[in-house]
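Here the structure is laid out as structure tokens; the discussion comes afterwards.
Residue numbers (the numbering used here), protein chains in the order written: chain A, 1 to 414; chain B, 415 to 828.
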């Protein structure tokens, strides 16, 4: 057993003792534990990837500030143990009776349901190499698939909302539960990592189970990969420590809602390639009919235009590049914006849009392949601007006693 | 019947015809109408004030850009009709079949439950006088209670998140439904008003009905006014057009969560004056026990300190100044902040805290009276900063055929 793993077991055992030993009075004072549905934390894959989407998300990216590899291991171990407790509806540590110390848990989730909380960890390029430095002896283990994302046509990436060495995607059916989880993990990172950027998201789902709509008013998520496992999980052809993992691409996509709302519905439909109210492919009646990309009108022009959003994003039109989307809307109020279209109005406009997240076995054949073309040709581009995001390697799942990414650190010894 | 009211009736009748006449095909395409609980829009009082709080809020403030009184009346009439439809779970206007025009509704709430949507309108000082100008002949009708809020000790109000001539508070048990409502109303304001600032909020409530916790981890909302009607509604002693209305004070209160999380629980409890986990007054066991402000410890010092938050906010300690709080948490990610405490760290910190809203019959004897003292002495001030907000006169409720604030415009004729 490698040293790091043994330390993990000891830490886990210590945690159990602590759980049984203290904090009972404080918990009793705070009322009964939270009910509600849970998602398993331990497993072959991380939760939060193929887990049916929860209604809220808090995404956070961190910069590692330590130069010590052991600090990173300790942090990931602490994060793993904490995530296991939080996703089971527990406080990050048992609530102690020592009130003359900062609380081990900030307590705002006491009494709330677990709300299917999932915590999904990712590693950015900076964990492996940053500013040319191999800080943790991991550069040799960087997967080829964890590329430096290129600048895409039209990108207006804001540095303070882009990148990060580590990522946490917390999803739950409650915004306070999702934020609470990240907040506890951020506290565990003091001295080793700093929050770099964070974004809340929400996705309101019709009660009848029909496809949710994004802030453009269109159904979003009608198409999912035919073979989810193949599209999402790293197999035997990937780097070993990433097996059963996945790559997350995040994009903060601001929508020009004021511009969109002034646009004819027919042009919106041409832009997307679907009917707005039914979600059906243009010219068809049913949301789930195949797109029929080869259908032409009487003038022999394609019914779904060459530069329509659904055509450019379609797997069949992209030699089967497939991604699993996990999209949320975001809504950060309004801020000052110069419009990109006539009459070039300048003023307070919605800072709202899509917290686009997608998972794939390889971003080079997934998001990058799809988006290189879309960034150039998609009619939708006149209504959206990518203003932040990142690429993160999300390792496979964790078994009890292990920590997230353990195989990476075992492989890349000093 | 005054001219404006008659026009209101005609407009309402036109709306009914339109509803029956068109849009059936589009609605059928979009699926069945939304189910779910509704809150009545028409009534003596506006909804969203004493309505049991919904889990989400979108608050927006507008600047009037028109110089024409009739434009303001038309806007308020359009907002009233739209709010009545939206709170009943309808689209802002019937969905038309004319796709070669911008959609009358942006459609992102199709299929979602009504989610107890309420829309509450308010008038800022700028409706009556702005930069010394009486734009709409209303200056003489400005209530004395609609004061220019003073600068309070410690205020760091950001102009782009402060003030506004008109306000809309949309609350719903779904964030997309709340935003959808304001977005439709904002579209109706094109040419007459611009969005000035907006803020999302949420409040996660324990399933057992116990008091929700704010982001400081303390129960928030234990105390409510003994006589809600007396505390909230303008009576016969107020200006006539405000009868049955209320005054809304909004404050965007950033919490220094990083600082708070590093603070001993015992000091947090001294600061608030309550125990963190139980919510009980300091030294007591039960959340709902009276504060017992005259209790002393063995050294004859008050158990709840003179500068504890609950003492300074308590009605009995303030000659019965009472407000009805309607608080939401807000969470806008992180941004760059210079800490106000040692070691004066500068970096990315949570832009999160409290979207504090409170209603009262008169802000001079409500919020202003309470907060003047709190702003100077409250121990909590070292952890919070007021960075935006406003004061709005929310007229009484609307009867069908009327528009919001109609009595104000009938009173103040040109």
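All C-beta atoms, glycine included, are put in the ideal place defined by N, C-alpha and C.
All figures in this text were calculated on a predicted structure; none of them were measured in a lab.
Range covered by the alpha helix (DSSP H) that runs through residue 672(B): The residue given as residue 672(B) occupies position 258 in the second chain. Taken as a continuous stretch (DSSP letters only), the alpha helix (DSSP H) holding residue 672(B) covers 671-675.
Coil, strand or helix - residue 300(A) by DSSP: By one-based count along the first chain, residue 300(A) stands at place 300. In this structure, DSSP gives residue 300(A) a state outside helix and strand, which the three-state scheme calls coil.
Spell out the partners DSSP gives residue 350(A) in its beta bridges. Within the first chain, numbered from 1, the residue matching residue 350(A) stands at position 350. 334(A).
Would residue 52(A) pass as an interface residue toward chain B - the criterion being a Cβ-Cβ separation below 8 Å? Looking up residue 52(A) in the first chain gives position 52. At a cut-off of 8 Å between beta carbons, residue 52(A) makes no contact with chain B.
Could you round the C-beta distance between residue 592(B) and residue 531(B) to whole angstroms and report it? I think they count as a contact, below 8 Å. Your numbering for residue 592(B) matches position 178 in the second chain. Your numbering for residue 531(B) matches position 117 in the second chain. Their Cβ separation, rounded to whole angstroms, is 7 Å, which keeps residue 592(B) and residue 531(B) in contact under 8 Å.
With DSSP as the reference, please indicate the residues paired to residue 219(A) in a beta bridge. By one-based count along the first chain, residue 219(A) stands at place 219. The bridge partners DSSP lists for residue 219(A) are 213(A).
Hey, quick one: how far does the alpha helix (DSSP H) through residue 528(B) stretch, first residue to last? Along the second chain, read from residue 1 onward, the residue named residue 528(B) stands at position 114. Counting along the chain, residue 528(B) sits inside no alpha helix (DSSP H), nor does DSSP assign it H or E at all.
Kindly list, in the order they appear in chain A, the residues whose Cβ is closer than 7 Å to that of residue 588(B). Start at 1 with the first residue of the second chain, and residue 588(B) comes out as number 174. Neighbours of residue 588(B) on chain A, chain order: 204.
May I ask you to list, following chain order, the residues of the region 179-195 of chain A that have a beta carbon less than 8 Å from some beta carbon of chain B? Against chain B - using a Cβ distance shorter than 8 Å - the residues of the region 179-195 of chain A are 179, 183, 187, 194 and 195.
Distance between residue 325(A) and residue 560(B) (C-alpha atoms, nearest Å): Looking up residue 560(B) in the second chain gives position 146. Looking up residue 325(A) in the first chain gives position 325. Answer to the nearest angstrom: the Cα atoms are 49 Å apart.
Have a look at 762(B), 715(B), 751(B) and 787(B) and flag the residue whose alpha-carbon is nearest the alpha-carbon of residue 729(B). The residue given as residue 729(B) occupies position 315 in the second chain. The alpha carbon of residue 729(B) has as its nearest neighbour, out of 762(B), 715(B), 751(B) and 787(B), the alpha carbon of 787(B).
For residue 91(A), count neighbouring C-beta atoms within 10 Å of its own C-beta (all shown protein chains included) and say buried if the count is 16 or more, exposed if not. Translated into the one-based positions of the first chain, residue 91(A) becomes position 91. Here residue 91(A) is buried, its C-beta having at least 16 other C-beta atoms within 10 Å.
Coarse secondary structure for residue 437(B), derived from DSSP in three states: The residue you call residue 437(B) lines up with position 23 of the second chain. Confidence at residue 437(B) is low in this model, with a pLDDT of 33, below 50, so its placement is unreliable and no value can be given for it.
Can you tell me whether residue 736(B) is buried or exposed, with buried defined as 16 or more other CB within 10 angstroms of its CB? The count along the second chain starts at 1 and reaches residue 736(B) at position 322. Taking all protein chains in view, the Cβ of residue 736(B) is crowded by 16 or more other Cβ atoms within 10 Å, so the residue is classified as buried.
Contact with chain A by residue 613(B), beta-carbon distance below 8 Å: Numbered from 1 along the second chain, position 199 holds the residue referred to as residue 613(B). For residue 613(B), the nearest beta carbon of chain A is closer than 8 Å to its own beta carbon.
Does any residue of chain A bring its CB to less than 8 Å from the CB of residue 769(B)? Residue mapping note: residue 769(B) aligns to position 355 of the second chain, counting from 1. Residue 769(B) does not count as touching chain A.
Relative to the alpha-carbon of residue 646(B), which residue among 678(B), 453(B), 460(B) and 816(B) has its alpha-carbon at the smallest distance? As a first step, residue 646(B) must be located in the second chain, where it is residue number 232. Taking the Cα of residue 646(B) as reference, the smallest distance to any Cα among 678(B), 453(B), 460(B) and 816(B) is reached at 460(B).
Suppose contacts are defined by Cβ-Cβ distances below 8 Å. Is residue 379(A) in contact with residue 301(A) by that definition? Locating residue 379(A) in the first chain gives position 379, where the first residue counts as 1. Locating residue 301(A) in the first chain gives position 301, where the first residue counts as 1. Taking 8 Å as the Cβ cut-off, residue 379(A) and residue 301(A) do not qualify as a contacting pair.
Report yes or no: is there a C-beta of chain B within less than 8 Å of the C-beta of residue 167(A)? Position 167 of the first chain, counted from the first residue, corresponds to residue 167(A). Closer than 8 Å: no.
Partner residues on chain A for residue 677(B), Cβ-Cβ distance less than 8 Å: As a working mapping, residue 677(B) is identified with position 263 in the second chain. By Cβ distance, chain A contributes 102.
Among residues of its own chain, excluding the 5 on either side of residue 731(B), which ones have a beta-carbon nearer than 8 Å to its beta-carbon? Position 317 of the second chain, counted from the start, is the residue given in the question as residue 731(B). Only 707 and 725 meet the Cβ criterion.
For residue 102(A) and residue 618(B), what's the separation of their Cα atoms in angstroms? One-based indexing of the first chain puts residue 102(A) at position 102. One-based indexing of the second chain puts residue 618(B) at position 204. Straight-line Cα distance between these residues: approximately 24 Å.
By Cβ distance below 7 Å, which residues in the same chain neighbour residue 818(B) in space, the five residues on each side in sequence not counted? Here residue 818(B) corresponds to residue number 404 of the second chain, with the count starting at 1. So the list reads 490, 493, 494, 535, 809 and 812, once near-sequence residues are dropped.
Run down chain A in chain order and give the residues with a C-beta less than 9 Å from the C-beta of residue 627(B). By one-based count along the second chain, residue 627(B) stands at place 213. Those are 107, 108, 109, 110, 111, 112 and 176, listed as they occur along chain A.
Run through chain B and tell me which residues come within less than 7 Å of residue 157(A), C-beta to C-beta. What you label residue 157(A) is simply residue 157 of the first chain in a count that begins at 1. Listed along chain B is no residue with a C-beta nearer than 7 Å to that of residue 157(A); the closest approach is about 16 Å.
Could you check whether the region 184-194 of chain A touches the region 561-569 of chain B, counting it as contact only if at least three pairs of C-beta atoms, one from each stretch, sit closer than 8 Å? Cβ pair count under 8 Å is below three, so no.
Whole runs of the alpha helix (DSSP H) within the region 55-118 of chain A, excluding any shorter than 4 residues: Listed in chain order, the alpha helix (DSSP H) runs fully inside the region 55-118 of chain A are 69-87, counting runs of at least 4 residues.
Round the Cβ separation of residue 334(A) and residue 500(B) to the nearest angstrom and send it over; I've been treating them as touching at under 8 Å. The residue you call residue 334(A) lines up with position 334 of the first chain. The residue you call residue 500(B) lines up with position 86 of the second chain. That pair is no contact at about 20 Å.
Tell me the rounded alpha-carbon separation between residue 24(A) and residue 111(A). Position 24 of the first chain, counting from 1, holds the residue named residue 24(A). Position 111 of the first chain, counting from 1, holds the residue named residue 111(A). Any reading at residue 24(A) needs caution, since the residue's pLDDT is 34, under 50, leaving its predicted position unreliable; the model's value is listed next. So the two alpha carbons sit approximately 15 Å from each other.
Using a beta-carbon distance cut-off of less than 8 Å, what residues from the region 216-229 of chain A approach chain B? Within the region 216-229 of chain A, the qualifying residues are 216, 217 and 218.
Flag this pair as touching only if the region 94-108 of chain A and the region 670-690 of chain B have three or more C-beta atom pairs under 8 Å; answer yes or no. Contact check between the region 94-108 of chain A and the region 670-690 of chain B: three or more CB pairs, one atom from each, fall below 8 Å, which counts as touching.
Please tell me whether residue 479(B) and residue 607(B) are closer than 8 Å, where the distance is taken between their beta carbons. The residue given as residue 479(B) occupies position 65 in the second chain. The residue given as residue 607(B) occupies position 193 in the second chain. Yes, they are a contact pair.
Euclidean distance between Cα positions of residue 760(B) and residue 674(B): Start at 1 with the first residue of the second chain, and residue 760(B) comes out as number 346. Start at 1 with the first residue of the second chain, and residue 674(B) comes out as number 260. When only Cα atoms are considered, residue 760(B) and residue 674(B) end up about 16 Å apart.
On the criterion of 16 or more Cβ atoms from any shown chain inside 10 Å, does residue 30(A) qualify as buried, or is it exposed? Position 30 of the first chain, counting from 1, holds the residue named residue 30(A). Residue confidence is low: residue 30(A) scores 45 on pLDDT, short of 50, so the model does not pin down where it sits. No coordinate-derived value is stated.
Answer yes or no: does any C-beta atom of chain A fall closer than 8 Å to that of residue 436(B)? Within the second chain, numbered from 1, the residue matching residue 436(B) stands at position 22. Interpretation of residue 436(B) is limited by its pLDDT of 30, a score under 50 that renders its predicted location unreliable; the figure taken from the coordinates is listed afterwards. Closer than 8 Å to the CB of residue 436(B) there is not a single CB belonging to chain A.
Within the 8 Å Cβ cut-off, does residue 207(A) reach chain B? One-based indexing of the first chain puts residue 207(A) at position 207. Answer yes: the Cβ-Cβ gap between residue 207(A) and chain B drops below 8 Å somewhere.
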